[in-house]
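Asks: Pasting in a structure now, in C-alpha cells, and then I'll have a few things to ask.
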Amino acid sequence: MESTVLSLGKSVLSGALGYAQSAVAEEVALLLGIQRDHAFIRDELEMMQSFLMAADEERDEHRVVKTWVKQVRDLAYDVEDCLQDFAVRVRKPSWWCKCSPSMLLERRRVAQKMKELRAKVEDVSQRSVRYRLIDGSGSKAATEAMQSTITGATIMSEAEETRRQQDKAKMDLLRLINTNDKDLRVIAVWGTSGVLEDTSNIVTRAYDDLKMNKKLECCAFIKLMNPFNRKEFLQSIIRQFYVNSLQQSTEAKQQVAGLVDQIPHKMGKTEEDALVNAFKGYVNDKRFLIIVVTDLSTIEEWDNIKKCFPSNNTRSRIVVCTEHVEVARLCVRQDGTPPEDKKLSDDRTLYAFYEPGSFPFNQVPVLP
C-alpha cells in the first residue's frame, strides 16, 4: 500500500511541478508580479519530488513518510489548481482595467492567496526536517543491504505482482472508456473504504493515457468538493479546458476563451444557470472525458453533476469513483435495469460498473 501511495504522490506532484515549470505559469507569474513566490514554490516542489523518488527507491514504508506523502499530494493538487486559476484570471479582458477599484482589490487577493500558498508549501517542506524523514546517515540502506537474498526476491516479486495487477486494471478501464457506443456513457468505479485511495493511481494512469489521444477534445480530472458546488465544479472543469487548449489550435483556444469570458464575477442563480447552458453548448459537439476522483457519496450529488452535461452522441465518457456500491450502480442505470460489472483487482474489492453490452474484455483497447 505504501508503494502505491508513493507512486500516486509522485504522479500528482509531477503534474503540478510540470505546470509550475511551464512557460504559461512563468508568464502568468511575471504578469501578476509574483515571480519570487512562484520560484520558491517551484523549487520546493522540485525538492519534494527528489525526496519522493529517493523514498520510493529505498522502499521506505515508515508510517510518518506515508502521511507526509499524502500531504504532499494534496498540496500538489492545491498548487496546480491555484496556478491554473491565475492563468484563467489573466486571460479575462476585465483584469487589465488597472484603474478599477474592484480589479485592484482582486490583485491584492491574488497576491495574498499566493503568499498563503507559499506558506503552506513551506510548512509541508519543514515537516520533512522536523520529523527527520530525510536520513543522511545511510543506516537504513545498510540495514536493507543486510537482508537475505530470499527476502529481497520476495519483495521484488510482490512489487512486480502489484504492478501487473495495476496494469491489468488500467487496461480494463481503458476498454470500458473506449467502447464504440456513441451515446454519453458513465463508468462508476467502486471500492471499499481505503481501497479507492490506494488504487486511484489506476484511474490517474488511464486518464494520462487517454489525454494523449488528440481525438479527445476536452479532458478534466476533478476533485469533488463536499458539499457539491455546481459553480465551483464547472469553473474547475473550464479552467482545465483552458489550460489544455493552450497546446491546441488557435480556433480551439478562442472557443475556450469565449467560455471563460462567460464566467461572471458575481454569480446568482440566474448567472449560474446561464453558465451551465453555455458549458453545455460548448461541449455538445465535442468528445469529452471527465474523471471525478473524490468519493461520490450520494445519488443526489450525481444527479446534480449529470445535469451539467448534454446527452450528446460523440462517444463522451464520465468516470466517477465512490465507496458506495448502490451509488455506483445508480450512476450507470436508474431505470431498474442492473448494470454489468467488472472486477478490477484479483485480491481487493474494486469494481467498475458499466452499461450492459460494452466493449468485450478479450480485445485490446485501441484509442480511435
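Last residue of the sequence shown: 391 (our numbering), numbering continuous. Even glycine gets a Cβ: it sits at the ideal position worked out from N, Cα and C. Note that the structure is a prediction, hence the values are computed from the model and not measured.
Less than 6 Å between C-beta atoms, sequence neighbours within five positions excluded: which residues of the same chain meet that for T4?
Replies: It is not possible to answer for residue 4, since the shown part of the chain is limited to 24 through 391.
Asks: Should D392 and N335 be called a contact, given that it needs their Cβ atoms to be closer than 8 Å?
Replies: The structure shown does not extend to residue 392, since the chain spans only 24 to 391, so no value can be given for it.
Asks: Suppose you measure from the CA of S45 to the CA of S37; what does that come to, to the nearest Å?
Replies: As a working note, residue 45 is residue 22 in the sequence shown. As a working note, residue 37 is residue 14 in the sequence shown. Each residue's Cα considered, the two are about 12 Å apart.
Asks: In this structure, does DSSP put E363 in helix, strand or coil?
Replies: Translated into the one-based positions of the sequence shown, residue 363 becomes position 340. The answer is strand: DSSP assigns E363 an E or B state.
Asks: Hey, Y230 and I314: beta-carbon distance below 8 Å or not?
Replies: Here the question's residue 230 lines up with position 207 in the sequence shown. Here the question's residue 314 lines up with position 291 in the sequence shown. For Y230 and I314, yes; Cβs fall inside 8 Å.
Asks: So is L298 buried or exposed if we call it buried at 16+ other beta carbons inside 10 Å?
Replies: Position 275 of the sequence shown, counted from the start, is the residue given in the question as residue 298. Buried.
Asks: Spatial neighbours of I261 within its chain, please: C-beta separation below 8 Å, excluding the five flanking residues on both sides.
Replies: Locating residue 261 in the sequence shown gives position 238, where the first residue counts as 1. Result list for I261: V111, V279, L282, V283, I286, F302, in chain order.
Asks: Consult DSSP for F376 and reduce its assignment to one of helix, strand or coil.
Replies: Within the sequence shown, numbered from 1, the residue matching residue 376 stands at position 353. If DSSP states are grouped into helix, strand and coil, F376 belongs with the strands.
Asks: What number of angstroms, rounded off, separates the C-alpha of H61 from the C-alpha of V102?
Replies: Here residue 61 refers to the residue found at position 38 when the sequence shown is read from its first residue. Here residue 102 refers to the residue found at position 79 when the sequence shown is read from its first residue. If you take the alpha carbons of H61 and V102, they lie about 10 Å apart.
Asks: Could you check how far apart the C-beta atoms of V212 and A375 are, in whole angstroms? I think they sit under 8 Å.
Replies: Start at 1 with the first residue of the sequence shown, and residue 212 comes out as number 189. Start at 1 with the first residue of the sequence shown, and residue 375 comes out as number 352. Between A375 and V212 the Cβ distance is about 5 Å, and since that is below 8 Å, they are a contact.
Asks: Just mark R198 as buried or exposed, buried being the case when its beta carbon has 16 or more other beta carbons within 10 Å.
Replies: Numbered from its first residue, the sequence shown carries residue 198 at position 175. So R198 counts as buried.
Asks: How many whole angstroms separate the CB atoms of V306 and V209, which I take to be in contact at a CB cut-off of 8 Å?
Replies: By 1-based counting over the sequence shown, the position of residue 306 is 283. By 1-based counting over the sequence shown, the position of residue 209 is 186. That belief does not hold up - the Cβ atoms of V306 and V209 are roughly 15 Å apart, past 8 Å.
Asks: Between which residues of its own chain and D108 is the CB-CB distance below 7 Å, once the five residues before and five after are set aside?
Replies: The residue given as residue 108 occupies position 85 in the sequence shown. Cβ within range, chain order: R262.
Asks: With a 10 Å radius around its C-beta and 16 neighbouring C-beta atoms as the bar for buried, classify S70 as buried or exposed.
Replies: Stepping through the sequence shown from its first residue, residue 70 is reached at position 47. Rather than Ser, the amino acid found at residue 70 in this sequence is Met. Flag for M70 reads exposed.
Asks: Identify which residue in I341, E294, F311 has its Cα closest to the Cα of W325.
Replies: Taking the first residue of the sequence shown as position 1, residue 325 is located at position 302. Cα-wise, what sits closest to W325 is I341.
Asks: Leaving aside the five residues before and after T227 along the sequence, list all residues of the same chain whose C-beta is less than 6 Å from its C-beta, in chain order.
Replies: Walking along the sequence shown from the start, residue 227 turns up at place 204. Same-chain partners within the cutoff: S34.
Asks: Going by other Cβ atoms of all chains shown within 10 Å of its Cβ, with 16 needed for buried, is D358 buried or exposed?
Replies: Indexing the sequence shown from 1 puts residue 358 at position 335. It is exposed - the Cβ of D358 has fewer than 16 other Cβ atoms within 10 Å.
Asks: According to DSSP, is T293 part of a helix, a strand, or is it coil?
Replies: For the purposes of this step, residue 293 is identified with residue 270 of the sequence shown, where counting begins at 1. In the structure shown, T293 sits in a helix (DSSP, three-state: H, G or I).
Asks: Within 10 Å of its beta-carbon, does P379 have 16 or more other beta-carbons around it, so buried, or fewer, so exposed?
Replies: Position 356 of the sequence shown holds residue 379. Exposed, since its Cβ has fewer than 16 Cβ neighbours within 10 Å.
Asks: Find the nearest neighbour of T202 within the set T90, N249, T337, judged by alpha-carbon distance.
Replies: Within the sequence shown, numbered from 1, the residue matching residue 202 stands at position 179. Among T90, N249, T337, the Cα nearest to that of T202 is on T337.
Asks: Which two residues bound the contiguous alpha helix (DSSP H) that contains T20?
Replies: With the chain represented from 24 up to 391, any question about residue 20 goes unanswered, as that position is not in the structure.
Asks: Does the separation of the CB atoms of K193 and I225 fall below 8 Å?
Replies: Start at 1 with the first residue of the sequence shown, and residue 193 comes out as number 170. Start at 1 with the first residue of the sequence shown, and residue 225 comes out as number 202. Yes.
Asks: Please tell me whether Q189 and V147 are closer than 8 Å, where the distance is taken between their beta carbons.
Replies: As a first step, residue 189 must be located in the sequence shown, where it is residue number 166. As a first step, residue 147 must be located in the sequence shown, where it is residue number 124. Not in contact: Q189 and V147 (Cβ atoms no closer than 8 Å).
Asks: Between which residues of its own chain and L140 is the CB-CB distance below 8 Å, once the five residues before and five after are set aside?
Replies: The residue you call residue 140 lines up with position 117 of the sequence shown. Only D60, I64, D101, V102, C105 meet the Cβ criterion.
Asks: So, under 8 Å CB-CB, K407 and E295 are touching, yes? Tell me the CB distance rounded to an integer number of Å.
Replies: One cannot answer for residue 407 here, as it falls past the ends of the chain, which runs 24 to 391.
Asks: Among R86, I200, A39, V51, which residue has its Cα nearest to the Cα of V133?
Replies: Stepping through the sequence shown from its first residue, residue 133 is reached at position 110. Checked all of R86, I200, A39, V51; the closest Cα to V133 is V51.
Asks: For I322, which residues in the same chain have their Cβ closer than 7 Å to its Cβ, ignoring the five residues on either side in sequence?
Replies: Working through the sequence shown from its first residue, we reach residue 322 at position 299. V350, L353, listed in sequence order.
Asks: Within the continuous alpha helix (DSSP H) that includes I328, where are the two ends?
Replies: Translated into the one-based positions of the sequence shown, residue 328 becomes position 305. Unbroken alpha helix (DSSP H) run through I328: 322-329.
Asks: Compare the Cα-Cα distances from S339 to each of M248, D206, Q271, G304 and report the closest residue.
Replies: One-based indexing of the sequence shown puts residue 339 at position 316. Selected option, being the one with the closest Cα: D206.
Asks: Within a Cβ cutoff of 8 Å, which residues of the same chain sit near D195, ignoring the five residues on either side of it in sequence?
Replies: Your numbering for residue 195 matches position 172 in the sequence shown. So the qualifying residues of the chain are K365, L367, A375, F384.
Asks: Please report the distance separating the alpha-carbon of A99 from that of L40.
Replies: Counting from one through the sequence shown, the residue named residue 99 turns up at place 76. Counting from one through the sequence shown, the residue named residue 40 turns up at place 17. Using only the alpha carbons, I get a separation of about 8 Å.
Asks: Tell me which residue opens and which closes the beta strand (DSSP E) that L9 is part of.
Replies: A question about residue 9 goes unanswered here, because the residues of the chain that appear run from 24 up to 391.
Asks: For P250, count neighbouring C-beta atoms within 10 Å of its own C-beta (all shown protein chains included) and say buried if the count is 16 or more, exposed if not.
Replies: Taking the first residue of the sequence shown as 1, we reach residue 250 at position 227. So P250 ends up on the exposed side.
Asks: Helix, strand or coil for F264, going by three-state DSSP, please let me know.
Replies: Counted from its first residue, the sequence shown places residue 264 at position 241. Three-state result, F264: helix.
Asks: Can you tell me whether T202 is helix, strand or coil according to DSSP?
Replies: Position 179 of the sequence shown holds residue 202. Coil.
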